[in-house]
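**Student:** Below is a structure I'd like to ask you about.
Protein chains: 2
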Amino acid sequence: MKPQRQWIPTPHTRFRFEDTFWKPRVETNRTVTLPAEYEQCRKTGRLDAFKLEWKQGDPNPPHIFWDSDVAKWIEAAAYSLATHPDPELEALCDRTIDWIARAQQPDGYLNVHFTVVEPEKRWTNLRDWHELYCAGHLIEAAVAYAQATGKRRLLEVLGRYADHIARVFGAGPGQKRGYPGHPELELALVKLYRATNERKYLDLAKFFVDERGRQPHYYDLEARARGEDPAGHWTGGYDYYQAHLPLREQKTAEGHAVRALYLFSGAADVALETGDEGLWKALLRLWKNIVRRRMYVTGGVGSARHGERFTFDYDLPNETAYAETCANIALVFFAHRLLQADLNAEYADVLERALYNGVLSGVSKDGRHFFYENYLAACPPFERFARMNPVVRQEWFGCACCPPNVARLLASLGLYFSSQSAAGLAIHLYAGGRLETTVGEVPVALDFQTDYPWDGTVRLEVSPAKTVRFALALRIPGWCRAAKLKLNGTALPLAKLVANGYAHLERDWAPGDRVELELPMPVERIEAHPGVREDCGRVALQRGPLVYCIEEADCGRNLADLVLPAKAKLTAKWEPKLLGGVVSIAGTAKRREEKQWGETLYRPAGRSTFRPTRLKAIPYALWANRKPGEMRVWVRAE
Amino acid sequence: MKPQRQWIPTPHTRFRFEDTFWKPRVETNRTVTLPAEYEQCRKTGRLDAFKLEWKQGDPNPPHIFWDSDVAKWIEAAAYSLATHPDPELEALCDRTIDWIARAQQPDGYLNVHFTVVEPEKRWTNLRDWHELYCAGHLIEAAVAYAQATGKRRLLEVLGRYADHIARVFGAGPGQKRGYPGHPELELALVKLYRATNERKYLDLAKFFVDERGRQPHYYDLEARARGEDPAGHWTGGYDYYQAHLPLREQKTAEGHAVRALYLFSGAADVALETGDEGLWKALLRLWKNIVRRRMYVTGGVGSARHGERFTFDYDLPNETAYAETCANIALVFFAHRLLQADLNAEYADVLERALYNGVLSGVSKDGRHFFYENYLAACPPFERFARMNPVVRQEWFGCACCPPNVARLLASLGLYFSSQSAAGLAIHLYAGGRLETTVGEVPVALDFQTDYPWDGTVRLEVSPAKTVRFALALRIPGWCRAAKLKLNGTALPLAKLVANGYAHLERDWAPGDRVELELPMPVERIEAHPGVREDCGRVALQRGPLVYCIEEADCGRNLADLVLPAKAKLTAKWEPKLLGGVVSIAGTAKRREEKQWGETLYRPAGRSTFRPTRLKAIPYALWANRKPGEMRVWVRAE
């Protein structure tokens, strides 16, 4: 099947959140996170770096990936400006863009590190350095800023840079047949193509995708040109860069998870634009490998700290989970691409799983602190001895990719909620709020009344400017096992309407039409495939799209010894004062009586008595918003 | 209580193994391991290094700890020569000793690296470099070789080196108040003291022990003298070196486990020789912290790979267990010291636990392959991604401390089986064989008939040259809950005879007296303290002193999903053809039916059906002697 980009995401500007779950987070992102990240970029020297004033011998040389942090911040600010005009924020952006524009070299090249620190090394190590990665993020920022403000200066600058890159790289004589060691540029070039309608950018993206992993291997040639042994690099293989094989031949998701998922997203964009069936087939195979064998229940991906990478099927350790925030965001991106070709709830289910759990966990409720790793279990002293980051979100990182990535995602959140095709309008995620779009030529508003994800009742009023025929496709989440649907008060035969997890209502929609979707949300115990060795004998609690965890703050220490009996009743309860308002899950578990042990470390089994203990679980995404302590997603079960 | 060295270990030469468990291992050690390790030392340049021919610019510079590898090999060879004279082996030793002697500098200094590679750095970084550590191992070798062969050349060389060290280090004017960054020399100096009766060596050992961790901190002063910031070292604190506090003030076992246990062993030797009550009290506190909160069920210690160190109470992860072979051996050494003051089976229980499990696992049955880490669970691809050593024993290591450490332990194994005091003779461990010693002036032989550890019946014939009165103290192992004792066919009231885990039989022993000890060995399920988070809900199988494990070779893959029901009957069975003859443990466990899962990764709990599955366990020490695969000590239990 040739992939076609049938379902175009409705721009985020069309959806206005009016709910208690996302609206405050998006607001905090705008009012706290964006200024805080700007300040971090400023005080760490990332902004001033574009002034190109750094000289040999000065402290704090601009790092090879600094440009990308600023770019992601501009992109986030642009999305925010598109929904919330803010002259001060726009002025900050304009000033920053001015510096960026002035940093561009006469030939179009634009990278701070390789202009002031190591100019002689330009384009000499695509494998390990981040020139093309930074270019990609700058392009994304430029496209977003032009769309948000109509100001095209940054877009023009990046167009010139992209043209420069297109002169340097390619299959022509005298060109380098290289490709990004850290993919990102591929998807950015497709955005640039869509923004400018210049086919050359799509062609360049396709070149990078196709060239990857070919023999003779560019990274070998490039290493030898540097006088290095290609075999001598730290990653031990090109799978780290997804360059061990041509992408079309890759059968499992390997290597650095952010690299992998940015690549797959960009390749999906290329395939959608070019109708490349072989490439699409490879991407679906990789998708399946990830979501069916290599993804945490939180939607986290890339389980190993060393190499921030995918490892092997079913290897999903909890305490040492890496599941980098950026990788989880990139999984959202990949799912979002697949959903453009094929309205299949499998993609939206994963997108939702990652978004509500492993992505949202990346930022604190206060909007000022971030996780790089998203562990699924924590025992605070352990992290220190295992050389992992502490179980407390940090204000910033030396390698600061995650904070602005969260910011740009939240600033553009509405983008992921719906999409449109010639046939109609698809709703992927549910939140209270208003979607305003047009179907054909007819303005249509959809008002959503729901407490999702806390409650599964979604009331939807469809208000076209005049009666208009279209198919409304409503996602029936994979976690929901007893959905019901009413149209204007009349129950519909849902099973007959559902295809691939979406209920399709094709009709003449008239002002005042009402749809009511019931998505019952019982508390569920989830178990993992027997191959997931750390989860054997354990369950995760899930309610609706939210995966839950237990924390020391509620359940005391030694969470590993807490056992949830199969028959224990679990009750969901709205707690307005807990963490700003959450539905918690409570029940009675049991644990061994520790007192009986005294100073004994090992003893014959069977002597222990158990005592009842309160189990209270909160949404995983909200953990570590109280005082530091133990946490656990997978709870022992009987 | 002032510590006194009441119970002197009977030399290993007095016990002749005639059993099926240890005798073949000791023989393999002598005939395979010793030659193989000599060859490794030779081909890696460790032997030739003593010729001091290395010049700047040459490849393969002698490493700072190479001297110690050769020293431990000589020590092992000496123990072997003492029981099995072997002119060829002795000639190899003599030739090596000749090189070592010639490498000694005119002032007595003796260290290859700091003679040929960095002579200007002699004694400038006690914290990180291994000069004093190497000196300790050379002294141990010298003492052992003199005792085995009567040849005193190496002892004289090392006496001169010790005298040099005593001139450089001390509290006197112009002396350095430093101490080993890697303890070892302390216990070696006490050996040298005992071998030479020169009090100055004991005094120097005591100086090193007392000086450790004092302020102003020697490692601070020394770092500043090198022009370095003392705070800038990689370990992040002096606890790594057990130098964060004076030893007497240390309450928990911290830092690098081998360093810690060599230090505690050496300090115990000092305390035993000097009657130092405060030091002894501190050591007992550290002992308790280790064996009651920080020791694997295998007797392994030092759970963290990073820093090869102790971490925090109850932190005993299985797949990432470090439990270095050397650390487990050093725990045997420490226990053996404590046992000299106090005939308390707690010490011998730990000694036995480590020896039969976490130490013996360090060497393959073929005697040619070694583990550095002793994991308690393994899933082969995991080690690669976690940057751990593979789950296959290696022939050698760049840092090769473990192989010759195992060799010297096995070559002197008899040393740990019994000890003697003015009051009598104590038997700590049981094996078929013959102990020949003297009590007072009277030669006494004890013949042990037993299949220990496969069977718990121990028949002992006491054969004094003439009737002689002494107390025979027989250890009743802590794992045994129903021991019985007969003397000349008559049952004795064991409870009345036992104090601190030893049954004391004081009487006139006459030729032909027979003792029969019954130590029933049912298969036991062991559980760990609720604080050991990885072992919650799991049991280890133990029979007698042997901890068991399950392996993929017997039980298939996904061992984590195998569950042992509480009521499942477990049967021990002698299998002469398995791994050279072992008692295996078999029973019926269950595991989830994997087929039902297909490509599902997560699903609601409660749908799984279980299928019966064979559980077969083998002694942990013998794992990884078949083809590589999964392994697990702690098995899920219901």
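Sequences listed follow chains H and C, in order. Numbering follows the working numbering, with no gaps: position 593 of the first sequence is 593. One rule links them: number in the working numbering = place in the second sequence (from 1) + 1000. Don't be surprised by glycine CBs; every beta carbon is placed ideally from N, CA and C. Model, not experiment: these values are computed from the prediction.
Let's test the definition: count the other Cβ atoms within 10 Å of the Cβ of N60/H and tell me whether it reaches 16, buried, or not, exposed.
**Tutor:** Residue 60/H sits at position 60 when you count from the first residue of the first sequence. It is exposed - the Cβ of N60/H has fewer than 16 other Cβ atoms within 10 Å.
**Student:** What residues in the region 1573-1606 of chain C bring their beta carbon closer than 8 Å to a beta carbon of chain H?
**Tutor:** Residues R1591, R1592, E1594, W1597, E1599, T1600, L1601, Y1602, R1603, P1604, A1605 and G1606.
**Student:** Output yes if chain H places a C-beta closer than 8 Å to the C-beta of T1490/C; else output no.
**Tutor:** Counting from one through the second sequence, the residue named residue 1490/C turns up at place 490. No, no contact with chain H.
**Student:** Looking only at its chain, what residues have a beta carbon closer than 7 Å to the beta carbon of L1245/C, apart from the 5 residues adjacent to it on each side?
**Tutor:** Along the second sequence, read from residue 1 onward, the residue named residue 1245/C stands at position 245. Taken in chain order, the residues that qualify are G1213.
**Student:** Within the chosen definition, does the region 267-275 of chain H reach the region 1578-1591 of chain C through at least 3 CB pairs nearer than 8 Å?
**Tutor:** No contact exists between the region 267-275 of chain H and the region 1578-1591 of chain C.
**Student:** Start and end of the beta strand (DSSP E) containing K72/H?
**Tutor:** Start at 1 with the first residue of the first sequence, and residue 72/H comes out as number 72. Run containing K72/H: none in the beta strand (DSSP E); it sits in the alpha helix (DSSP H), W66 to T83.
**Student:** Which two residues bound the contiguous alpha helix (DSSP H) that contains K1206/C?
**Tutor:** Taking the second sequence and counting its residues from 1, one reaches residue 1206/C at position 206. Start and end: R1199 to E1211.
**Student:** If contacts are defined as beta-carbon pairs under 8 Å, then V1539/C and A605/H qualify, I think. What distance do you get, rounded to the angstrom?
**Tutor:** On the second sequence, position 539 is the one that residue 1539/C refers to. On the first sequence, position 605 is the one that residue 605/H refers to. Correct: roughly 5 Å between the Cβ atoms.
**Student:** Mind listing, in chain order, the continuous alpha helix (DSSP H) runs of no fewer than 4 residues lying wholly within the region 312-384 of chain H?
**Tutor:** You should have 325-341 and 345-353.
**Student:** Hey, is I315/H's beta-carbon within less than 8 Å of any beta-carbon in chain C?
**Tutor:** The sequence position of residue 315/H within the first sequence is 315, counting from 1. According to the sequence provided, residue 315/H is Asp. The question's Ile does not apply to it. Output row for D315/H: interface = yes.
**Student:** Verify the CB distance criterion: does F334/H have a CB-CB separation below 8 Å to chain C?
**Tutor:** For the purposes of this step, residue 334/H is taken as residue 334 along the first sequence, with counting starting at 1. Answer no: the Cβ-Cβ gap between F334/H and chain C never drops below 8 Å.
**Student:** Thinking C-beta only, is A253/H closer than 8 Å to N289/H?
**Tutor:** Here the question's residue 289/H lines up with position 289 in the first sequence. Here the question's residue 253/H lines up with position 253 in the first sequence. Yes.
**Student:** From this set, D366/H, L474/H, S463/H and P619/H, which residue's C-alpha is nearest D508/H's C-alpha?
**Tutor:** On the first sequence, residue 508/H is found 508 positions in, with the first residue counted as 1. Of D366/H, L474/H, S463/H and P619/H, the residue nearest in Cα terms is S463/H.
**Student:** Could you run through the region 1510-1534 of chain C and flag, in chain order, every residue whose CB is less than 8 Å away from some CB of chain H?
**Tutor:** So the list reads E1524, R1525, I1526, E1527, A1528, H1529, P1530, G1531, V1532, R1533 and E1534, given in the order they occur along the chain.
**Student:** At least one CB of chain C closer than 8 Å to the CB of H306/H: is that the case?
**Tutor:** Translated into positions along the first sequence, residue 306/H becomes position 306. So yes, H306/H belongs to the interface.
**Student:** Quick one: grab the DSSP three-state call for Q4/H.
**Tutor:** Within the first sequence, numbered from 1, the residue matching residue 4/H stands at position 4. Coil.
**Student:** If we cut at 8 Å on Cβ distances, does S361/H have a partner in chain C?
**Tutor:** Position 361 of the first sequence, counted from the first residue, corresponds to residue 361/H. It does not: the Cβ of S361/H has no partner Cβ on chain C nearer than 8 Å.
**Student:** Could you pull out every residue in the same chain whose Cβ sits closer than 6 Å to the Cβ of A49/H, ignoring the five residues on either side in sequence?
**Tutor:** Here residue 49/H corresponds to residue number 49 of the first sequence, with the count starting at 1. Excluding positions up to five away in sequence, the list reads P62, W66 and V112.
**Student:** With T1044/C as the anchor, note down where its beta strand (DSSP E) starts and where it stops.
**Tutor:** Taking the first residue of the second sequence as 1, we reach residue 1044/C at position 44. Segment: none, T1044/C is in no beta strand (DSSP E) and carries neither H nor E.
**Student:** Scan the region 1263-1312 of chain C and note each continuous alpha helix (DSSP H) run of 4 residues or more that stays entirely inside, going in chain order.
**Tutor:** Correct list: 1277-1293.
**Student:** Pull up the DSSP beta-bridge partners for K595/H, would you.
**Tutor:** One-based indexing of the first sequence puts residue 595/H at position 595. K595/H pairs with nothing; no bridge assigned.
**Student:** So who's on the other strand from F1021/C, going by DSSP bridges?
**Tutor:** The residue you call residue 1021/C lines up with position 21 of the second sequence. Answer is none; F1021/C lacks a bridge partner.
**Student:** Nearest CA to the CA of A36/H: which residue from A377/H, H369/H and C480/H?
**Tutor:** Mapped onto the first sequence, residue 36/H falls at position 36. Minimum Cα distance to A36/H is reached at H369/H.
**Student:** How close, in whole Å, do the beta carbons of G1170/C and R1127/C come, if the pair is a contact with beta carbons under 8 Å?
**Tutor:** Start at 1 with the first residue of the second sequence, and residue 1170/C comes out as number 170. Start at 1 with the first residue of the second sequence, and residue 1127/C comes out as number 127. 18 Å between Cβ atoms; not a contact.
**Student:** Spell out a yes or no on whether the region 1378-1397 of chain C and the region 1406-1424 of chain C are touching, meaning 3 or more CB-CB pairs, one atom from each, closer than 8 Å.
**Tutor:** Output reads no: the region 1406-1424 of chain C does not touch the region 1378-1397 of chain C.
**Student:** Just grab the DSSP bridge partners of A1540/C for me.
**Tutor:** Translated into the one-based positions of the second sequence, residue 1540/C becomes position 540. I1526/C, per the DSSP bridge assignment.
**Student:** Measuring alpha carbon to alpha carbon, tell me which of D1342/C, A1146/C, L1047/C and L1492/C ends up nearest Y1079/C.
**Tutor:** Position 79 of the second sequence, counting from 1, holds the residue named residue 1079/C. Looking at the Cα atoms, A1146/C is the closest of the given residues.
**Student:** So, for M1388/C: in the same chain, excluding its five sequence neighbours on each side, which residues have a beta-carbon less than 6 Å away from its beta-carbon?
**Tutor:** The residue given as residue 1388/C occupies position 388 in the second sequence. Here the set comprises nothing.
**Student:** Restricting to Cα atoms, I'd like to know which of P1173/C, E1140/C and A1148/C is closest to V1157/C.
**Tutor:** Position 157 of the second sequence, counting from 1, holds the residue named residue 1157/C. When each option's Cα is compared against that of V1157/C, the closest is E1140/C.
**Student:** Could you tell me which whole beta strand (DSSP E) segments of length 3 or greater appear in the region 1556-1634 of chain C?
**Tutor:** List check, beta strand (DSSP E) in window: 1571-1575, 1582-1592, 1602-1604 and 1610-1619.
**Student:** By the three-class DSSP mapping on this structure, what secondary structure does C549/H have?
**Tutor:** Reading the first sequence from its first residue, position 549 is the one you call residue 549/H. Strand at C549/H.
**Student:** Starting from the C-beta of A77/H, find all residues in its chain whose C-beta is less than 7 Å away, skip the five residues before and the five after it, and write them out in chain order.
**Tutor:** As a first step, residue 77/H must be located in the first sequence, where it is residue number 77. Excluding residues within five positions, the ones whose Cβ falls inside 7 Å are L34, L89 and C93.
**Student:** With distance defined between alpha-carbon atoms, name the residue in E1516/C, A1144/C and G1512/C nearest to A1195/C.
**Tutor:** In the second sequence, counting from the first residue as 1, residue 1195/C sits at position 195. It is A1144/C whose Cα lies nearest to the Cα of A1195/C.
**Student:** Taking all protein chains shown into account, do 16 or more other C-beta atoms lie within 10 angstroms of the C-beta of D1269/C, making it buried, or fewer, making it exposed?
**Tutor:** As a first step, residue 1269/C is located in the second sequence; it is residue number 269 there, counting from the start. Result: buried.
**Student:** Check whether the Cβ of D561/H lies closer than 8 Å to any Cβ atom in chain C.
**Tutor:** To locate residue 561/H, count along the first sequence from 1; it is residue 561. Yes, contact with chain C.
**Student:** Note down, in chain order, every chain H residue with its Cβ under 7 Å from the Cβ of A1499/C.
**Tutor:** In the second sequence, counting from the first residue as 1, residue 1499/C sits at position 499. Residues of chain H passing the Cβ test: none, with the nearest at roughly 20 Å.
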